[in-house]
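For the sequence shown, numbering that gives the first Met the number 0 assigns the number 0 to the initial residue and increments by one for each residue that follows. First comes the structure, then the notes that go with it.
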Amino acid sequence: MSVTLSAEPADLGFDPATTALVIIDMQRDFLEPGGFGETLGNDVSLLLAAVAPCRSVLAAARRTGMLVVYTREGHLPDLSDAPPAKLERGEPTARIGAPGPMGRILIRGEPGHDIVPDLAPSAGEIVIDKPGKGAFYATELGAVLAERGIATLLVCGVTTEVCVHTTIREGNDRGYRCVALADCCASYFPEFHRIGLEMIKAQGGIFGWVSSSEAVLTALATPG
Ligand code: C5J
Numbered sequence: 000m001s002v003t004l005s006a007e008p009a010d011l012g013f014d015p016a017t018t019a020l021v022i023i024d025m026q027r028d029f030l031e032p033g034g035f036g037e038t039l040g041n042d043v044s045l046l047l048a049a050v051a052p053c054r055s056v057l058a059a060a061r062r063t064g065m066l067v068v069y070t071r072e073g074h075l076p077d078l079s080d081a082p083p084a085k086l087e088r089g090e091p092t093a094r095i096g097a098p099g100p101m102g103r104i105l106i107r108g109e110p111g112h113d114i115v116p117d118l119a120p121s122a123g124e125i126v127i128d129k130p131g132k133g134a135f136y137a138t139e140l141g142a143v144l145a146e147r148g149i150a151t152l153l154v155c156g157v158t159t160e161v162c163v164h165t166t167i168r169e170g171n172d173r174g175y176r177c178v179a180l181a182d183c184c185a186s187y188f189p190e191f192h193r194i195g196l197e198m199i200k201a202q203g204g205i206f207g208w209v210s211s212s213e214a215v216l217t218a219l220a221t222p223g
């Protein structure tokens, strides 16, 4: 059953059976005070706007039986999967792996690495741990999607211009129809969020589409 999603630069049809909702890095380390995002000097409260729209799309996806995939950016406790180029970059007040109020920063298994409680995965939902910005790099995501015959990705999460963008670019190159849900994504830089979305849909949708939580809810509520 194909439904029509209102999107830019053009509407597109998608079949919920071959579509995955991909929720990128909605982790305490990025959204809550004391985590990685704040150590980089960011106002983490700017990301909170995306939580409620993500929740409504997540609820609709679960009702529809759509595949839901969460990602988490983070590293092994010994940092063997964190290249020096990543560890050295920037001028954080505390680096990846340093102790913080939510445990070691951006380390798998620490409280800060968890997905925020409002979007907590249900039992059996897929959580992909990734060491990079893109969700396909050094993960099982490609295999998970291929196994289920997924063709379209509805992408939510943070931050728009970093991990959401990288994942959409990776997905586009692998042949997926990637749709960023604008209000379900957020950035520490509102201008980067706006321009990041513009970049995806420019030039006739150079590497994807942009839509919204409301458009997904409408599409899923409208018989195909
Ligand atoms: C960043 C991400 N911004 N999830 N990570 O470092 O976008």
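Backbone N, C-alpha and C fix where the C-beta goes; we use that ideal spot for every residue, glycine too.
As assigned by DSSP and simplified to three states, the class of residue i
i: Arg54; result: helix
i: Val161; result: helix
i: Pro83; result: helix
i: Thr92; result: coil
i: Asp128; result: strand
i: Ile199; result: helix
i: Gly156; result: strand
i: Ala185; result: strand
i: Gly123; result: coil
i: Asn171; result: helix
i: Ala137; result: coil
i: Gly40; result: coil
i: Leu221; result: Checking the sequence shown, residue 221 turns out to be Thr, not Leu. Three-state DSSP puts Thr221 in coil, outside helix and strand.
i: Gly33; result: coil
Bridge-paired residues (DSSP) for residue i
i: His74; result: Ile106
i: Ser210; result: Leu180
i: Thr100; result: Position check: residue 100 holds Pro in this sequence, whereas Thr was assumed. BP columns for Pro100 point to Gly102.
i: Thr18; result: Thr151
i: Leu66; result: Ala19
i: Phe13; result: Val2
i: Ile114; result: Gln26
i: Glu7; result: Val209
task: Evaluate contact between the segment 194 to 211 and the segment 157 to 169, counting only Cβ atoms and requiring at least three cross-stretch pairs below 8 angstroms.
output: Contact holds between the segment 194 to 211 and the segment 157 to 169, because three or more Cβ pairs, one in each stretch, are under 8 angstroms apart.
- request: Indicate whether the contact test is met: 3 or more Cβ pairs, each with one atom in the segment 8 to 25 and one in the segment 99 to 106, closer than 8 angstroms.
  value: Note that the segment 8 to 25 does not touch the segment 99 to 106; fewer than 3 beta-carbon pairs, one per stretch, sit closer than 8 angstroms.
message: Would the segment 33 to 51 count as touching the segment 180 to 192 if we require 3 or more Cβ pairs under 8 angstroms?
response: Contact holds: three or more Cβ-Cβ distances are below 8 angstroms.
query: Would you call the segment 210 to 219 and the segment 50 to 57 in contact, with 3 or more CB pairs under 8 angstroms?
result: Yes, since at least three Cβ pairs between the segment 210 to 219 and the segment 50 to 57 fall closer than 8 angstroms, the two stretches touch.
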